[in-house]
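S.K.:
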Amino acid sequence: MSDLPRKAVTRTVKLAALPLGFAGRATWGLGKRLGGRSAEIVGRELQQRTAEQLFKVLGELKGGAMKFGQALSVFESALPEEIAGPYRAALTKLQEAAPPLPASTVHAVLAERLGADWRELFEEFEDKPAAAASIGQVHRAVWHDGREVAVKVQYPGAGPALLSDLAQLSRFARLLGPLIPGMDVKPLITELRDRVSEELDYALEAEAQRAHAAEFAGDPDVVVPAVVHQSDQVLVTEWLDGVPLSEVIADGTEEQRDRAGQLLAHFLFSGPARTGLLHADPHPGNFRLLPGAEPDGPVSGWRLGVLDFGTVDRLPDGLPPTIGTALRMTLDGEAEAVYRMLCEEGFVKESVELDPEAVLEYLLPIIEPAQVDAFAFSRGWMRRQGARIGDPRSPAHQLGRQLNLPPAYLLIHRVTLSTIGVLCQLGATVRLRDELETWMPGFLPDTAEEDPAPEEAGREEPGADSSAGSAAGSPA
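When the letters of the sequence shown are read in order and numbered with numbering that gives the first Met the number 0, they come out as residues 0 to 475.
Below is the structure:
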């Protein structure tokens, strides 16, 4: 029924050929250098050929292979500039498109899931997909009530393909690691595997999108398309026009970049507080920049359109207050308090003992964007962070290897890093601290405890820690 390469043997052979191809090109490069060509030129050609093969295979296979490629795409800005170009072009392709399924396959899925008379649900249906991604492709259509809609059709066999791909990719994760300096690829693959069943369930996705659409209805900054219809393997939502964030990254004005970056940070931090859900797939293909409009007036400002709620983290109480409290204490230089909190939350295992001041020095450069009113994100800053943490000779690398990431924080950590990666691709200047102060529980001190009522002021115990209550506070 499907052209999606889903047989385990076929997909495994394609993926297993990748490390062999890397080795073959390394040998080719050595031969070229022996033939008199400079190492710099040969190295650049080698990187380009490697990137083209890697992401061509990931895109063709869709499934977990492409999902992995999309997850890597947001870290492109960590690559050294001399090799970033070839990867940037290849990775950007994965954010928006993949080889589509033939119309006959799509029609068969729609007939199976919506009924033999599925065409009666639409006034128009475009056979050519508007976008094709990791587990499904999107077709533009007109619903029977005249609304323009996006029809998301899941690839037949996508589930087995996802699991097979990610299992195979995990076997040679060490070979893929050097693509992104300072990033451990294996936990990323493991976490993607853990999310497969949720992303394949369009009922869960529809539920998450409805929650966001209801909360952000009429919002001046964020637009979420409404869900029109959902059935197994088919999801119909209102169509959303706008400029893909990948195009803003490539050709956007400074105003567009800054606005897109601010809106992205706003959505990331406000979403959990407002909906109890964290959008957990923040690659540029899932966002659009739309012109804002005053009622009966001219276009003004820009809004952020948000797509694809297949992967979310359920945080009914919002982001953990521990994160905000630890951020604030780090910015205040409270090394001992930060270290105690990291130990209590499981970021430092009981068997490990670290120098609190060294931990503070490790963390401060990472949270530099929160130290100032407005921070200019850039690929250069991202590369410096990647080099600092990824260089095996650096103290930061050694310390980072001794820290632990508790399972409850894994997806939050990946989403935060991915969003920072996109902000660096945009080169956006963002008032990140404003968003933290507004939406991050625990980031601001608990003023109720810092400024007790007059009648209770005299009863405060000497040496009481005014921030102690904020670690267990409720979301802002």
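Cβ coordinates follow ideal geometry from the N, Cα and C atoms, glycine included.
(1) Under a Cβ-count criterion, where at least 16 other Cβ atoms within 10 Å of its own Cβ denotes burial, should Asp257 be classed as buried or exposed?
(2) How many angstroms separate the CA atom of Gly309 from the CA atom of Ala102?
(3) Is it true that the region 359-374 meets the region 314-334, where meeting means three or more beta-carbon pairs spaced less than 8 Å apart?
(4) Report yes if the C-beta distance between Leu443 and Gly323 is below 9 Å; otherwise report no.
(5) Go ahead and label Arg392 buried or exposed: buried means 16 or more other beta carbons lie within 10 angstroms of its beta carbon, across all protein chains shown.
(6) Buried or exposed: which applies to Gly304, given that a residue is buried once 16 or more other Cβ atoms fall within 10 Å of its Cβ?
(7) Please state if the CB of Gln229 and the CB of Val108 are separated by a distance shorter than 9 Å.
(8) Would you say Leu267 and Val414 are within 9 Å of each other, going by their C-beta atoms?
(9) According to DSSP, is Leu315 part of a helix, a strand, or is it coil?
(10) Starting from the C-beta of His211, find all residues in its chain whose C-beta is less than 8 Å away, skip the five residues before and the five after it, and write them out in chain order.
(11) To the nearest angstrom, how far is the alpha carbon of Glu125 from that of Arg139?
(12) Are the beta-carbon atoms belonging to Ala373 and Val421 less than 9 Å from one another?
(13) Among Ala115, Thr189, Thr104, Ala110, which one has its Cα closest to the Cα of Pro155?
(14) Any idea which residues DSSP pairs His509 with across the strands?
(15) Where Arg382 and Asp200 are concerned, what is the direct C-alpha to C-alpha distance, given to the nearest angstrom?
(16) DSSP puts Arg302 in a beta bridge; with which residues?
(17) What number of angstroms, rounded off, separates the C-alpha of Arg261 from the C-alpha of Ile411?
(18) For Gly135, does the three-state DSSP call read helix, strand or coil?
(19) Apart from the five residues just before and just after Met439, which ones in its own chain have a Cβ nearer than 8 Å to its Cβ?
(20) Under a three-way DSSP split, which group does His396 fall into?
(21) Please list the terminal residues of the continuous alpha helix (DSSP H) segment that includes Ala357.
(22) In chain order, what residues of the same chain have a beta carbon less than 7 Å from the beta carbon of Lys348, not counting five sequence neighbours either side?
(23) Under the rule that 16 or more other beta-carbon atoms within 10 Å means buried, what is Gln255, buried or exposed?
(24) Of the residues Glu434, Ala202, Ala130, Arg400, which one's Cα is nearest the Cα of Val311?
(25) Identify every residue that forms a DSSP beta bridge with His211.
(26) Which partner residues of Ala216 appear in the DSSP bridge assignment?
(27) Measure the C-alpha to C-alpha separation of Ile419 and Glu119 and round it to an integer number of angstroms.
(28) Give me the Cβ distance between Ser245 and Pro283, rounded to the nearest whole Å; I'm assuming they're in contact under 8 Å.
(29) Considering Gln424, what are the terminal residues of the alpha helix (DSSP H) in which it resides?
(30) Would you list the one or two residues that DSSP bridges to Pro243?
(31) If you run the structure through DSSP and keep just helix, strand and coil, what is Phe266?
(32) Quick check on this structure: which residue in Leu425, Ala259, Val150, Glu344 has the alpha carbon closest to the alpha carbon of Asp220?
(33) What are the start and end residues of the beta strand (DSSP E) that includes Glu122?
(34) For the beta strand (DSSP E) containing Gln153, list its first residue and its last residue.
(35) Please report how far the alpha carbon of Asp250 lies from the alpha carbon of Leu263, in whole angstroms.
(36) Grouping DSSP H, G and I as helix and E and B as strand, with all else coil, what is Ala452?
M.R.: Answer, in terms of the structure:
(1) buried
(2) 24 Å
(3) yes
(4) yes
(5) exposed
(6) buried
(7) no
(8) yes
(9) Going by the sequence as given, residue 315 is Pro instead of Leu. Residue state, collapsed to three classes: coil.
(10) Val223, Gly270, Thr274, Leu276, His278, Val305, Phe308
(11) 6 Å
(12) It is not a contact, given that the beta carbons lie outside the stated cut-off.
(13) Closest option to Pro155, Cα to Cα, is Thr104.
(14) Outside the shown range of the chain (0 to 475) lies residue 509, about which nothing can therefore be said.
(15) Approximately 36 Å between the Cα atoms of the pair.
(16) Leu289
(17) Position check: residue 261 holds Gln in this sequence, whereas Arg was assumed. One C-alpha to the other measures close to 19 Å.
(18) strand
(19) Phe268, Leu318, Ile322, Gly323, Leu326, Ala475
(20) helix
(21) 355-362
(22) Cβ neighbours of Lys348 beyond the five flanking positions: Asn403.
(23) buried
(24) Ala202
(25) DSSP output for His211 lists no bridge partner at all.
(26) DSSP, once it has assigned bridges, lists no residue as partnering Ala216.
(27) Straight-line Cα distance between these residues: approximately 44 Å.
(28) Correct: roughly 4 Å between the Cβ atoms.
(29) 406-425
(30) Answer is Arg287, bridged to Pro243.
(31) helix
(32) Ala259
(33) 121-124
(34) Gln153 -> beta strand (DSSP E) spans 147-153.
(35) 18 Å
(36) For Ala452, the predicted model reports a pLDDT of 46, less than 50, meaning its position is unreliable; a value from the coordinates is still stated below. Looking at Ala452 - three-state DSSP - the assignment turns out to be coil, as it is neither helix nor strand.
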